[in-house]
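Engineer: According to full-length UniProt numbering, the sequence shown is numbered sequentially starting from 1.
Quick reminder that beta carbons are idealized off the backbone N, C-alpha and C, glycines included.
All values reported here derive from a predicted model rather than from experimental measurement.
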Amino acid sequence: MVDSIEFDLIICGSGLAGLRAAIAAAKKGPNLKIGIVSKLQVMRSHSVSAEGGTAAVIQEDAGDTIESHVYDTVKGSDFLADQDVAERLCVEMPQEIHQLDHWGMPWSRKEDGRIDQRNFGGYSFPRATYASDKVGFFEMQTLYDTCQKFENIEYLNEWFATSIIHNGKKFMGLTAIELGSGTFYTIKGKALIIATGGAGRLYSFSTYALSSTPDGLDMGLRAGMALKDMEFVQFHPTGILPSGILITEGARGEGGYLLNNKGERFMKNYAAEKMELAPRDIVSRSIMTEIKEGRGFKHETGVDCMKLDLRHIGDEKIKEKLGGIREISIKFSGLDPAQELLDIRPVCHYMMGGLHTDIDGATEIQGVWAAGEAACNSVHGSNRLGANSTSECIVWGKITGELAAEYAMKNTTADQWPHHLVAAEEKRIYDGIFRGNGDANPYEIRQELTDTMNEKAYVYRNETDLVAGLKRIRELKAQTWKHVDDKAKEYNTNFSNVMELDSMFRVAEIVLIGAINRKESRGAHARTDYTKRDDANFLHHTLAYYDPNEPIMKTHPVTITKYQPVERKY
Numbered sequence: 001m002v003d004s005i006e007f008d009l010i011i012c013g014s015g016l017a018g019l020r021a022a023i024a025a026a027k028k029g030p031n032l033k034i035g036i037v038s039k040l041q042v043m044r045s046h047s048v049s050a051e052g053g054t055a056a057v058i059q060e061d062a063g064d065t066i067e068s069h070v071y072d073t074v075k076g077s078d079f080l081a082d083q084d085v086a087e088r089l090c091v092e093m094p095q096e097i098h099q100l101d102h103w104g105m106p107w108s109r110k111e112d113g114r115i116d117q118r119n120f121g122g123y124s125f126p127r128a129t130y131a132s133d134k135v136g137f138f139e140m141q142t143l144y145d146t147c148q149k150f151e152n153i154e155y156l157n158e159w160f161a162t163s164i165i166h167n168g169k170k171f172m173g174l175t176a177i178e179l180g181s182g183t184f185y186t187i188k189g190k191a192l193i194i195a196t197g198g199a200g201r202l203y204s205f206s207t208y209a210l211s212s213t214p215d216g217l218d219m220g221l222r223a224g225m226a227l228k229d230m231e232f233v234q235f236h237p238t239g240i241l242p243s244g245i246l247i248t249e250g251a252r253g254e255g256g257y258l259l260n261n262k263g264e265r266f267m268k269n270y271a272a273e274k275m276e277l278a279p280r281d282i283v284s285r286s287i288m289t290e291i292k293e294g295r296g297f298k299h300e301t302g303v304d305c306m307k308l309d310l311r312h313i314g315d316e317k318i319k320e321k322l323g324g325i326r327e328i329s330i331k332f333s334g335l336d337p338a339q340e341l342l343d344i345r346p347v348c349h350y351m352m353g354g355l356h357t358d359i360d361g362a363t364e365i366q367g368v369w370a371a372g373e374a375a376c377n378s379v380h381g382s383n384r385l386g387a388n389s390t391s392e393c394i395v396w397g398k399i400t401g402e403l404a405a406e407y408a409m410k411n412t413t414a415d416q417w418p419h420h421l422v423a424a425e426e427k428r429i430y431d432g433i434f435r436g437n438g439d440a441n442p443y444e445i446r447q448e449l450t451d452t453m454n455e456k457a458y459v460y461r462n463e464t465d466l467v468a469g470l471k472r473i474r475e476l477k478a479q480t481w482k483h484v485d486d487k488a489k490e491y492n493t494n495f496s497n498v499m500e501l502d503s504m505f506r507v508a509e510i511v512l513i514g515a516i517n518r519k520e521s522r523g524a525h526a527r528t529d530y531t532k533r534d535d536a537n538f539l540h541h542t543l544a545y546y547d548p549n550e551p552i553m554k555t556h557p558v559t560i561t562k563y564q565p566v567e568r569k570y
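#1: Consult DSSP for L543 and reduce its assignment to one of helix, strand or coil.
#2: Could you pull out every residue in the same chain whose Cβ sits closer than 8 Å to the Cβ of L449, ignoring the five residues on either side in sequence?
#3: How long is the line joining the alpha carbons of E158 and V37, rounded to whole angstroms?
#4: What residues are listed by DSSP as bridge partners for Q117?
#5: What does the Cβ neighbour count give for M267, buried or exposed, with the cut at 16 atoms within 10 Å?
#6: Are the CB atoms of W396 and A17 nearer to each other than 9 Å?
#7: Per DSSP, D3 is paired with what?
#8: Starting from N157, trace the beta strand (DSSP E) both ways and give me its first and last residue.
#9: At what residue ranges does the region 477-545 contain a whole run of the beta strand (DSSP E), taking only runs of 3 or more?
#10: Please state if the CB of E139 and the CB of T390 are separated by a distance shorter than 9 Å.
#11: Tell me the rounded alpha-carbon separation between A488 and I240.
#12: Are three or more beta carbon pairs between the region 218-235 and the region 299-315 nearer than 8 Å?
#13: The beta strand (DSSP E) that contains M369, what's its start and end?
#14: Compare the C-alpha of G436 against each of D465, Q479, E463, Y407 and name the closest.
#15: Going by the CB atoms, is the gap between N383 and G76 shorter than 9 Å?
#16: Counting only the same chain and skipping the five closest in sequence on each side, list residues whose C-beta sits under 6 Å from that of K188.
#17: Buried or exposed: A272, going by 16 or more other Cβ atoms within 10 Å of its Cβ?
#18: May I have the straight-line CA-CA distance separating D215 from T162, to the nearest angstrom?
#19: Taking 8 Å as the threshold, find out whether the region 542-554 comes into contact with the region 509-518 through three or more Cβ pairs.
#20: If we ignore side chains and look at the alpha-carbon of each, how far apart do I313 and T238 end up?
#21: Would you kindly check if the distance between the Cβ of A405 and the Cβ of G367 is under 9 Å?
#22: In whole angstroms, what is the alpha-carbon distance linking Y71 and Q117?
#23: Between the region 280-292 and the region 523-539, are three or more C-beta pairs nearer than 8 Å?
#24: Looking at the unbroken alpha helix (DSSP H) that takes in R345, where does it start and where does it end?
#25: What beta strand (DSSP E) runs, 3 residues minimum, are completely inside the region 296-341?
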C-alpha cells in the first residue's frame with residue numbers, strides 16, 4: 001500500500017509564484033489545508049537569484065503610464081504576446097509593489113524616501129523597481145516571512161513530485177518521493193498550482209540553478225497538458241565567463257557600456273536609440289554578430305566574448321547599487337568591475353514557453369493552474385522584457401492562488417481514486433529508472449544533451465543545426481542511461497538526477513521541433529535561413545502535446561486587442 005497524505009490545495013514549487021499563491025490562497029480560504037511541495041528547501045528556489053528589478057508603473061506623476069508599459073511589453077514580445085494578458089500584468093502590478101512594501105520588502109529608495117526605479121532594456125520609462133541588485137532574494141524573503149503568518153500553510157521541503165493524478169478531466173492528486181526517506185507517496189488534493197519554474201538547465205551555459213530542470217513541465221505534459229511556445233528561449237546578453245552567472249541588466253541600466261575589440265560601443269550600429277538598453281534578444285544577436293565579424297575577444301578558456309565596462313560608474317555607486325554583481329565578478333572571474341572590464345557572452349536565462357494556460361493561469365485539466373515561468377499565459381510572446389518575469393510571478397501567483405482556493409472550497413465531491421495510475425507511475429520510475437540497467441553514464445549523457453542544445457539551438461539558428469541537434473538528442477535518448485548506481489533510499493541524488501534527465505529529453509525535443517517548424521525570425525527565435533518575421537504564416541503560438549513516439553504539434557491564435565503588428569525598431 002502506497003503511503004498517502006492529503007491537502008485541499010497543493011502548490012508545486014516554492015519560488016516567487018508559489019509563495020505568492022500560497023499567501024493569496026491562505027487569505028481567501030483560511031480553513032483550507034495548503035501544502036507547498038518543493039524538491040528544494042524553500043529559500044533555495046531559483047527565484048532568489050533574480051537580480052535587477054521588478055517592472056511596474058508607480059511614477060505616473062513623473063509621466064509613466066500603464067498604456068506605455070503594455071505597449072513596451074507587446075512590442076518587446078515581437079507582437080506574439082496576448083495583449084489582454086499583457087494589459088492585465090501592467091494593471092495589476094503597481095498594487096503588488098506597494099503590497100510587498102507593506103510586508104517589509106526593502107526597496108531601494110530615492111533621497112525623498114519614495115521607492116526608486118531604474119532603466120531596463122526595451123522600456124520607454126525607468127520602471128524596474130529594485131532592491132540593490134538582489135531583488136529576487138529580498139522578494140523571496142518578504143514572501144516567505146509573510147507565509148509564516150498563516151498556520152494553514154505547510155511545507156514539504158525536499159519532496160520530488162513525479163506525476164499528476166487525474167481522472168481524464170479533473171485533478172485528484174500527485175505522486176511524489178520524500179527525498180529524505182526515499183518513500184513514495186500519493187498526495188491527494190482538490191486543486192493544484194504548478195509553479196516549478198523554468199527549464200534553463202537544458203543548456204550547459206546557463207544562469208539557472210542546477211535544480212532548474214523541466215520536471216514540472218514534463219509532469220504536466222505527461223498528464224495531457226500542452227507545452228506552449230517552447231522554441232522561444234531567452235539568451236541574456238551578459239553571462240559572466242567562465243561560469244555563466246548572470247550580470248544583471250541593471251548594470252547597463254546604471255550606465256554600463258558594451259565594447260568590442262576596437263573599443264567601440266557597438267550597439268550604436270544595431271539600436272541607436274536604446275543602445276545597451278535595447279531588448280535582450282536584440283543585444284544578444286548584436287554581440288554574436290560582432291563576434292562572427294571578428295570584433296570579439298577570446299576568453300582564456302578559448303570562448304569568444306565581448307566586454308562589459310562599468311568602470312566609469314564609480315566604485316561607490318557599484319557598491320551601493322550593484323554590490324552583488326561586484327561580489328560575483330571578484331569571486332567567479334577574479335575581476336573588480338570598478339577597475340577592470342568583464343568578459344561576457346549571451347547565456348540561457350529564461351523560457352518564454354511553458355504549460356499552456358489562459359489569462360487566469362488555468363490549464364487544460366480542471367482544478368490545475370500554473371504560474372510563473374512554468375506557465376505560458378503568453379504575456380511575453382517571443383521575447384520577455386527584463387523585470388517583467390518577477391512581475392509575472394507575483395501577479396499570477398496572486399491570481400491563481402485566489403482562484404484555486406475558491407475552487408478547492410467548492411470541490412467537495414470525492415471521486416473514485418485511480419489506483420491504477422499510481423501503480424503505473426511507481427512502475428515507470430522504479431522499474432524503468434531506479435532498477436533499470438545500462439552501460440551509458442547518465443551524467444555524461446546529460447552533459448552531451450546540454451552541450452548539444454548550446455551548439456544547435458543558441459542565439460542564431462538554422463535548419464541544418466536544428467535537425468542535427470534533434471537527431472543527436474534522439475540518439476542520446478535511445479542509449480541505456482536509465483539506471484541508478486546508488487541504491488540508497490535516503491537522499492539519493494543519483495536517482496533524482498536521472499529522473500530530471502528523463503524529463504529533460506522530452507522537453508528538449510519539443511524546443512527543437514518547435515524551432516524547426518517556425519520558419520521565421522521572431523523575438524528570441526532568430527534563424528539565419530529565414531531572417532524575416534512572417535506574420536502571414538507564423539503569427540501564432542505553438543502547442544506541443546505528449547505522444548510516446550514524438551510530440552503532437554498544433555497552433556493556437558494570438559490575442560490582438562489594440563496593437564497591430566508593425567516592424568520592431570529601437
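Structural biologist: Taking the coordinates as given:
#1: strand
#2: L202, I473, L476, L501, M504, F505, A508
#3: 8 Å
#4: T129
#5: buried
#6: yes
#7: Y185
#8: 153-157
#9: 540-545
#10: yes
#11: 37 Å
#12: no
#13: Note that residue 369 is Trp in the sequence shown, not Met. Element bounds for W369: 368-370.
#14: Q479
#15: yes
#16: E6, G173
#17: exposed
#18: 7 Å
#19: yes
#20: 17 Å
#21: no
#22: 19 Å
#23: yes
#24: Careful: R345 lies outside any alpha helix (DSSP H), inside the beta strand (DSSP E) at 342-351.
#25: 304-309
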